[in-house]
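K.L.:
So that we are looking at the same thing, I have put the structure below in structure tokens.
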Amino acid sequence: MSTTVSPFHIAIPVHNLDACRTFYRDILNCEEGRSSDHWVDFNFFGHQLVIHYKPKSTEDVHTNAVDGKSVPVPHYGVVLPWDTFQEFSKSIANKGVAFVIEPYVRFEGKVGEQATMFFFDPAGNALEFKAFKDMTQLFAK
């Protein structure tokens, strides 16, 4: 398998296109790309994220226990450089984002030391952002 990093593409459902467009553009600072009346492309930290309109689901959020916290499943996000994560977490907190799991460090001083945080977009999609103290340990066991 190649170790070259390539952009990924992810499409997510949203029941409120305008609110999510504002969230990804103005809160997360993602550059908006192409769009129509049913979808919007964003540059999601170098990856292509497309929000697609879908009527609201009544499905409950599922969680799994990790480190004594309730991690929402499914979720998506990106791995940021350590310093970028610190700045980004402060920026979105200052913009009023409500964390499901506040930024914290897992495995401190151990293999795979990482900072992580979880929050929802306005459509209820769970996002995780994380950063590794040493990026070479991204897949370390």
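According to the working numbering, the residues represented by the sequence shown are 6 to 146, in order.
Where is the CB? At the ideal position from N, CA and C, for every residue including glycine.
Just so we're clear, the structure is a prediction, and the values are computed from it rather than from any experiment.
Can you tell which of Phe47, Pro108, Lys74, Ser41 has its C-alpha closest to the C-alpha of Tyr58?
P.N.:
Nearest C-alpha to Tyr58: Ser41.
K.L.:
What distance in whole Å lies between the Cβ atoms of Pro86 and Ala136, which are believed to be in contact at a cut-off of 8 Å?
P.N.:
Confirmed, Cβ separation roughly 6 Å.
K.L.:
Specify whether the segment 94-103 and the segment 41-56 touch according to this definition: at least 3 beta carbon pairs, one from each stretch, less than 8 Å apart.
P.N.:
Flag = no, the segment 94-103 and the segment 41-56 do not touch.
K.L.:
Buried or exposed for Val66, please, with buried defined as at least 16 other CB atoms from any protein chain shown within 10 angstroms of its CB.
P.N.:
Val66 comes out exposed.
K.L.:
When the distance is taken between beta carbons, is Pro127 closer than 9 Å to Cys25?
P.N.:
It is a contact, given that the beta carbons lie within the stated cut-off.
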